[in-house]
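Right, one structure below, let's go through it.
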Amino acid sequence: MRGDTDVGPMISVQSAERTETAVNDAIAAGATLLCGHRREGSLYHPTVLEGTPRACGLWSEEVFAPVVMLAPFDTIDEAIEMANDPEYSLHAGIFTSNINVALDAANRIEAGGVMINDSSDYRFDAMPFGGFKYGSMGREGVRFAYEDMTQPKVVCINRG
221 MRGDTDVGPM ISVQSAERTE TAVNDAIAAG ATLLCGHRRE GSLYHPTVLE GTPRACGLWS
281 EEVFAPVVML APFDTIDEAI EMANDPEYSL HAGIFTSNIN VALDAANRIE AGGVMINDSS
341 DYRFDAMPFG GFKYGSMGRE GVRFAYEDMT QPKVVCINRG
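Below, the structure is given as structure tokens:
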């Protein structure tokens, strides 16, 4: 990791330990560690894996940690199939210079948001944020917070 990189802790030591265990399991199953995989209390260093078997929990569970798995693909259809495989999906990112490929992929990827040529963690407060499939427990954002904090009431009057 570069010295000018700012990395913060995870929400708890238990979350960092859970991530460490999941990465250990992936490595034991055949994934290759390219960098990272170091924990200091609740700080888990950014980790890059390749060749992670798709049967590993990292493919099917939301890790919510600085872990990236690199996987080769031959066609965009294969990449989209891999992206849509998990039952949980918050955001996806696609990098391409072909806007038609990007928009087609954005339509076909089952995620709460698709970021084109930017990190999948990009967001601003006015954007609705949430998942897709089993990862969808509602949305965050100004409009959704307002709706969650209000109680609608219907009043009907029949003066006849």
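Letter by letter, the sequence shown follows residues 221 to 380 of this note's numbering. From the three backbone atoms N, C-alpha and C, an ideal C-beta is built for every residue, glycine too. Predicted model, so just to flag it, every value in this text is computed and none were measured.
Measure the Cβ-Cβ separation of residue i and residue j and say whether it is below 8 Å.
i       : j       : result
Gly-223 : Asp-245 : no
Ile-329 : Ala-322 : no
Pro-286 : Thr-316 : no
Val-334 : Ala-312 : yes
What does residue i pair with, by DSSP beta-bridge criteria?
i       : result
Met-335 : Gly-313
Which residues in the same chain have their Cβ closer than 8 Å to the Cβ of residue i, if we skip the five residues on either side of it in sequence?
i       : result
Ala-249 : Thr-272, Pro-273, Ala-275 and Cys-276
Val-227 : Met-221, Leu-263, His-265, Pro-266 and Pro-286
So, for residue i: in the same chain, excluding its five sequence neighbours on each side, which residues have a beta-carbon less than 6 Å away from its beta-carbon?
i       : result
Ala-299 : Phe-293
His-257 : Val-243 and Thr-267
Kindly give me the distance between the Cβ atoms of residue i and residue j, rounded to whole angstroms, as I take these residues to be in contact under 8 Å.
i       : j       : result
Pro-306 : Leu-263 : Not really, about 26 Å apart at Cβ, beyond 8 Å.
Leu-254 : Glu-270 : 6 Å
Ala-331 : Ser-309 : 4 Å
Glu-281 : Arg-259 : Actually they do not touch by this definition, with Cβ atoms about 18 Å apart.
Within 8 Å of any Cβ in chain B, is that where the Cβ of residue i sits?
i       : result
Glu-260 : Protein chains in the displayed structure number just one, and chain B is not present.
Leaving aside the five residues before and after residue i along the sequence, list all residues of the same chain whose C-beta is less than 7 Å from its C-beta, in chain order.
i       : result
Ile-438 : Beyond the ends of the chain as shown, which are 221 and 380, falls residue 438; an answer cannot be given.
Thr-252 : Leu-269, Glu-270 and Gly-271
Runs of 4 residues minimum, wholly inside the region 226-303: which ones carry the alpha helix (DSSP H) assignment?
233-248 and 277-280
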